[in-house]
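Residue numbers (this note's numbering), protein chains in the order written: chain A, 32 to 383; chain B, 592 to 1081.
Here it is as structure tokens:
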């Protein structure tokens, strides 16, 4: 619980003067994610603490180094939660790292991604300037949406100092139902129920079973279960946590783990390896030793993109290469925020 | 922001006529007149030329020609915008996207629809209703406004507390960049690699690119929707009720508040059954599964009772529900009936500051001797004060604009923002100088330059030059100090 904004600001300005690139680091729980960045570490996890939380306004503002755990505890007391159900990948995971990586859990297709919940932020850009965008209100169209742009920018456009996020009420109850179906059938079942007004808050398939999580009040859940069928999986909410945190046995491998992001009812892709479907089919975890080129080609053809998530060869790009005109605009945007390439250079793409 | 060039209009018309039919190029004063303003009719200017392309190819060529001749380009949808975002310039081509009005594809399985920018907002929901789906954002102009304009402004609507703004409900955009290239942003997957340009484009007011195709997300039509009206003797009490409903874990589909002048105007106009002696009414719409709505109606009624509501009415059927909404939806034209002119403001405030802000607005209303009626998207803090005036009285428009500016500054002081959903355009450009400091404005200009280095796309809108702020500051900022520098603007 300390305000280290001035200290961090001074370090960025100093680095700028010395042309010394910085690798922004919170709790270091996501060091596996993205490309390596050889630079002087800028430690930001000390800049922590919840600044403002108004349950009736559905808004929480916290310093970027605040741990997710602290935020969860605080929200829990008031019957609220983070709607994007972020994976932490570590006990000390921070809000800043989560937003910088735009990480979202199983609830994502039904409630929104991390970026959807960002309302405002205070950042230090690559000129060493402290700036504030957005705010603590739900609707705000003054100026370009820089706060959402920060989500998923991997710290390459600015050092996040404070972040305001929208929070949501915790559902009264949750049921998980399970059906034994193959993957193709599972995709059809998901598509069918997703077109109807059902209280679905997550849908995944582990290779053998389709799981739906239903959230709402008890009578609504019972009625939905009656319509949808399937076995009630007792108190096995933990399954969603294991999927989210990659502690499920599926992820217990040292072969490369890929994340395929595709239109949700894309048929199963012809790639070697084993697959776990999350996000109702829109996020597919793939353990495969196939070449990056072939995985990316097949995923692109399906209208999606592939991220080398863990255990990849070091020389391989984590993120899908961008088409030239898109890369050019992104480089110009990087130039607009960090022309000296001081902030996390290469962490997302070599050119950014 | 003046573009330094001497425009060769003849050469421009000559080149345009090679790609467009003569009825797709307007350049005579009487033909240009209908395009001289958008929904902010106090500002009017004739464009140099109006073009009405029907294909993306034509849009690309028009933009290329303008780029080569260094002529600014201003995109326009239905012209319903309320901040002057589509206000023409004498030296600019107005690019109307109204004829790009096809629904390209509906995919009920993926719950997506790809549409051209000139498709009307409501037309999307109408087209997908047969699949039990709809498009959630519903700005009050949804009968007329186009989806392209909705993206440019990041439009909201009554239902955005629960279902989000335009930015939450689109999946992919195709844009034409200032050099005439077609760029795809986003995809039909749930995310895309690289920076989130989808977020950056949404609400960028035509400053970064021309939107030529949009894929919107569709939602299943809820099983049931129910509306409750509650009346209050006191505005502050109504504000507390809103906070208590949300703190209780209920996110209504819509949560609207009207103050007494707005209630009276609306009731007089459409006879919705509003209590005309109430200080404020709340309209609370609950939607979801049958079971959920039943339970929430009970909870909301009991919360309203505990918050001193003087009257609580639950619509017994769909006709009653429509009737209760009718008054709210007709609030703007209703206010239009009681004064020769009205000016609609669009600030957002933290809801906890509502009572304070309304009190200050009432004081300002007295100070400027101009009545103000308030319509409020109470759930998300978006306030629409309507200033009643008479443009035929000398000086009254100027007086109204000054009062409007004071109200926006009040929103900033309360920790809010100068625009919740109408955009900055030309209307609130001076207040941008108050909400953002010099560095932040420079960052905005740098973002624009990343897309449009010559500043040819809708120049002079949305982000003020530092020079303009300096001039504005000479009037409003004393000694280089912002009003209330102690207040965090977060």
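Where a beta carbon is used, it is the ideal one built from N, C-alpha and C, also for glycine.
Item to complete: Quick one: measure Cβ to Cβ for residue 688 (chain B) and residue 708 (chain B), integer angstroms, because I've assumed they're closer than 8 Å.
Response: 4 Å
Item to complete: Pick out whichever of A:37, A:213, A:66 and A:336 has its Cα sitting closest to the Cα of residue 187 (chain A).
Response: A:66
Practice prompt. Check whether the Cβ atoms of residue 906 (chain B) and residue 818 (chain B) sit closer than 8 Å, and answer yes or no.
Written response: yes
Item to complete: Please report the Cβ distance between residue 839 (chain B) and residue 894 (chain B), rounded to the nearest whole angstrom; I am assuming they are in contact, meaning their Cβ atoms lie under 8 Å.
Response: 6 Å
Worksheet item: Using a beta-carbon distance cut-off of less than 7 Å, what residues from the region 1025–1036 of chain B approach chain A?
Response: 1026, 1027, 1030, 1031, 1034 and 1035
Worksheet entry | Within the region 611–682 of chain B, ranges of the beta strand (DSSP E) (whole runs, at least 3 residues) | 640–642 and 664–667
Fill in: residue 970 (chain B) to residue 846 (chain B) span [Cα, whole Å]
5 Å
Worksheet item: Which first and last residues belong to the beta strand (DSSP E) in which residue 815 (chain B) is found?
Response: 815–823
Worksheet item: Interface residues of chain B around residue 259 (chain A) at Cβ under 8 Å?
Response: Ordered by position in chain B, no residue passes the 8 Å Cβ test against residue 259 (chain A), which lies about 12 Å from the chain.
Worksheet entry | Coarse secondary structure for residue 1047 (chain B), derived from DSSP in three states | coil
Worksheet item: Using a beta-carbon distance cut-off of less than 9 Å, what residues from the region 168–192 of chain A approach chain B?
Response: 168, 169, 170, 171, 172, 173, 174, 175, 176, 177, 178, 179, 180, 181, 182, 183, 184, 187 and 188
Worksheet item: What does a CB cutoff of less than 6 Å around residue 290 (chain A) pick up in its chain, not counting 5 residues either side in sequence?
Response: 338 and 340
Discussion item. Once the 5 residues before and after residue 230 (chain A) are set aside, which same chain residues still bring their CB inside 7 Å of it?
Written reply: 245, 246, 247, 251, 252 and 255
Practice prompt. Taking only the alpha-carbon atoms, compute the straight-line gap between residue 618 (chain B) and residue 670 (chain B) and give it to the nearest angstrom.
Written response: 18 Å
Discussion item. Comparing C-alpha positions only, which one of B:977, B:938 and B:662 sits nearest to residue 607 (chain B)?
Written reply: B:662
Worksheet item: What are the partner residues of residue 243 (chain A), as DSSP defines its beta bridges?
Response: A:208 and A:234
Worksheet item: Can you find a CB in chain A that lies within less than 8 Å of the CB of residue 701 (chain B)?
Response: yes
Discussion item. Please confirm whether residue 353 (chain A) has its beta-carbon closer than 8 Å to some beta-carbon of chain B.
Written reply: yes
Item to complete: Count the other C-beta atoms from every protein chain shown that fall within 10 angstroms of the C-beta of residue 156 (chain A), then say buried if there are 16 or more, exposed otherwise.
Response: buried
Discussion item. By the DSSP assignment, the beta strand (DSSP E) with residue 336 (chain A) in it spans what residues?
Written reply: 336–341
Discussion item. With three or more C-beta pairs closer than 8 Å as the rule, is the region 169–178 of chain A touching the region 1022–1039 of chain B?
Written reply: yes
Item to complete: Return yes when the Cβ of residue 793 (chain B) is within less than 8 Å of the Cβ of residue 745 (chain B), no when it is not.
Response: yes
Worksheet item: Using a Cβ cut-off of 9 Å, which residues of the region 66–95 of chain A contact any Cβ in chain B, in chain order?
Response: 82, 83, 85, 86, 87, 88, 89, 90 and 92
Practice prompt. Could you say if the region 763–772 of chain B and the region 665–684 of chain B meet the contact criterion of at least three C-beta pairs nearer than 8 Å?
Written response: no
Worksheet item: Does the Cβ-Cβ distance between residue 991 (chain B) and residue 978 (chain B) come in under 8 Å?
Response: yes
Worksheet item: Residues of chain B with CB under 7 Å from residue 162 (chain A), in chain order?
Response: 1030, 1031 and 1034
Worksheet item: Taking DSSP as the reference, what is the three-state secondary structure of residue 710 (chain B)?
Response: coil
Worksheet item: Out of curiosity, what's the CA-to-CA distance linking residue 1015 (chain B) and residue 367 (chain A)?
Response: 22 Å
Worksheet entry | When B:760, B:984 and B:959 are compared against residue 994 (chain B), the one with the closest alpha-carbon | B:959
Worksheet item: Using the beta-carbon count (16 or more within 10 Å), is residue 897 (chain B) buried or exposed?
Response: exposed
Worksheet item: CB residue 150 (chain A) to CB residue 165 (chain A), shorter than 8 Å?
Response: yes
Worksheet entry | Own chain, CB closer than 7 Å to residue 42 (chain A), minus 5 neighbours either side, in chain order | 73
Worksheet item: Should the region 212–225 of chain A be called in touch with the region 83–103 of chain A, which here means at least 3 C-beta pairs below 8 Å?
Response: no
Fill in: Local conformation of residue 851 (chain B) per DSSP, three classes
helix
Practice prompt. Identify, in the order they occur along the chain, each residue of the same chain with its Cβ nearer than 7 Å to the Cβ of residue 854 (chain B), setting aside the five sequence neighbours on each side.
Written response: 865, 867, 869 and 872
Practice prompt. Run down chain A in chain order and give the residues with a C-beta less than 8 Å from the C-beta of residue 751 (chain B).
Written response: 169 and 170
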